[in-house]
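Working notes, beginning with the structure itself.
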Amino acid sequence: MYRNNPFHNFEHASHVSMSVHKLLSRIVAPDVDTSDEENLAKNLHDHTYGITSDPLTHFACLYSALIHDVDHSGVPNSQLIKENVHIASVYKCKSVAEQNSVDLAWALLMDDQYTDLRRAIYTTESDFHRFRGLVVNSVMATDIMDKELSVARKFRWSKAFAEGCTKENTIAATNRKATIVIEHLIQASDVSHTMQHWHIFRKWNKRLFQEMYTAYKEGRAENDPSEFWYKGEIGFFDFYIIPLAKKLKDCGVFGVSSDEYLNYALQNRKEWEARGEECVAEMKQELESINFTCDLSQVVDPVLPQRDEGPSGTVIFDEEEKKEEELLDKPPKSTARLATPDINFERLFM
Ligand SMILES: [Zn+2]
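In my numbering, the protein residues as written are 60 to 409.
Structure representation (structure tokens):
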């Protein structure tokens, strides 16, 4: 279901899925009293907002990561809208690629051949709706350019984790926190290459550049990415990646992993500031040296050194949409997109 794009391909989906798995496995409850064995499981459940004790949530996060860029066409939503492709009108110009990915993947999951799989995921109508809600919400969270969704997410974050609100202990507050943690977990995973070792960052950065440069050469982008790539990356670190890494840290459920991500993001930003211009020139030269109409497979990933340095980190995301864009003022009604209420994480703990 994935196309053969340099960046938005099945390897990217696999990378994001591994990152989600890693972050989920590192959710911790630092405040829990482990000496209280009798209530340990319940306390862990409470302090991690129910995420770690719910297999349906786990699976929904991983499934969302795996399908989140299905059928991606190698250009951002703004371009799909400009080209007036069929799916842009189907989804009323809102989160076009993301809604398309959810719908295609969901249709496949509903196919008869996956009856047994579906029965393993949910057996009640309420779990079916919970799973669907989690998947839609998680995939929509990867649309970081939609202003409406972004404002809603920021509002939820400040309501849940702002000073003075952290002690709120109602079920609604727990659901809100779980929803936010999952949204940030998948967002971070989608750009995990920026929060991993420099060589991993370079590999995926180069692939994204190649994808966007190809689109430009094919007349599917207005600007030559080599002209804004260096500064664009710095802005992306400063206004998206680093604040996101800080949020992972602030929500307090990822333990030392959040330090690892933040440190890598800061290191990569520093390294890019020093070497980014040289990297862009190199990438452009390599792409120009091949015939665009002929064989882009000649472009190779940067050589990765033996992994003898840095932690075994593997986390975080994508960045195809750096440009500001005005989405058309259309109502967000569509088949996939929900009004993104907080997901109901009913207490499954027994
Ligand atoms: Zn992605």
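Heads up, the beta-carbon is just placed ideally off N, CA and C, and yes, glycines get one too.
Source: prediction; values computed, not measured.
Asked: Rounded straight-line distance, which links the Cα of Phe66 to that of Leu267; Found: 5 angstroms
Asked: Thr273 Cβ short of 7 angstroms to ligand 1 heavy atom set; Found: no
Asked: Reduced DSSP category for Tyr61 - H, G, I as helix; E, B as strand; rest coil; Found: coil
Asked: Cβ-Cβ distance between Cys120 and Ile241 below 8 angstroms; Found: yes
Asked: Residue ranges of each alpha helix (DSSP H) within the segment 185-262, 4 or longer; Found: 206-220 and 230-249
Asked: Residue closest to Lys218, alpha-carbon to alpha-carbon, out of Ala274, Glu207, Ala232 and Ser209; Found: Ala232
Asked: Top-ranked residue by Cα proximity to Arg328, from Pro302, Pro135, Leu307 and Ile86; Found: Pro302
Asked: Within 8 angstroms, strictly: CB atoms of Asp128 and Ala72; Found: yes
Asked: Three-state secondary structure assigned by DSSP to Cys120; Found: helix
Asked: CA-to-CA distance, Asp171 to Glu319, given in whole angstroms; Found: 43 angstroms
Asked: Within-8 angstroms CB hit, Ser76 to chain D; Found: The chain inventory of the structure shown lacks chain D, comprising one protein chain alone.
Asked: Classification of His256 by the beta-carbon crowding that lies within 10 angstroms, buried from 16 upward; Found: buried
Asked: Coil, strand or helix - Tyr272 by DSSP; Found: helix
Asked: Touch test, the segment 278-285 against the segment 134-148, Cβ-Cβ under 8 angstroms, three pairs minimum; Found: yes
Asked: Distance cut-off 7 angstroms: Val75 Cβ against heavy atoms of ligand 1; Found: yes
Asked: 7 angstroms CB neighbourhood of Ile86 in its chain, flanking five on each side removed; Found: Thr107, Ile110, Thr111, Val312 and Phe313
Asked: Cβ neighbour criterion (16 or more within 10 Å) applied to Ile349; Found: exposed
Asked: Met199 burial status per 10 Å Cβ neighbour count (16 or more: buried); Found: buried
Asked: With 16 other Cβ atoms within 10 Å as the buried cut-off, status of Tyr413; Found: Residue 413 is absent from the structure shown; the chain starts at 60 and stops at 409.
Asked: Where Ser78 falls: helix, strand or coil (DSSP); Found: helix
Asked: Close Cβ partners of Asp297 (< 6 angstroms) along its chain, the five nearest in sequence each way excluded; Found: none
Asked: Buried/exposed call for Phe260, threshold 16 Cβ in 10 Å; Found: buried
Asked: C-alpha gap between Asn264 and Leu244, whole angstroms; Found: 20 angstroms
Asked: Start and end residues, alpha helix (DSSP H) containing Cys338; Found: Val315 to Glu347
Asked: Beta carbon of Ile230 nearer than 8 angstroms to that of Arg215; Found: no
Asked: Neighbour-count burial assignment, Lys236, 16 or more Cβ in a 10 Å radius; Found: buried
Asked: When Cys310, Ser84, Asp162 and Gly133 are compared against Asn68, the one with the closest alpha-carbon; Found: Gly133
Asked: Alpha carbon of Val210 to alpha carbon of Gln326, nearest angstrom; Found: 29 angstroms
Asked: Exposed unless 16 or more other CB atoms sit within 10 angstroms - verdict on Lys206; Found: exposed
Asked: CA nearest to the CA of Asn322, picked from Gly335, Ala304 and Glu336; Found: Ala304
Asked: Val75 vs Ser248 beta-carbon contact at 8 angstroms; Found: yes
Asked: Extent of the continuous alpha helix (DSSP H) run through Ser154; Found: Note, Ser154: premise wrong, no alpha helix (DSSP H); not H, not E.
Asked: For Val149 and Leu387, the rounded distance between their alpha carbons; Found: Residue confidence for Leu387 is low, a pLDDT of 29 falling below 50, so the modelled location carries little weight; the figure read from the coordinates is stated next. In a straight line, the C-alpha of Leu387 is about 14 angstroms away from that of Val149.
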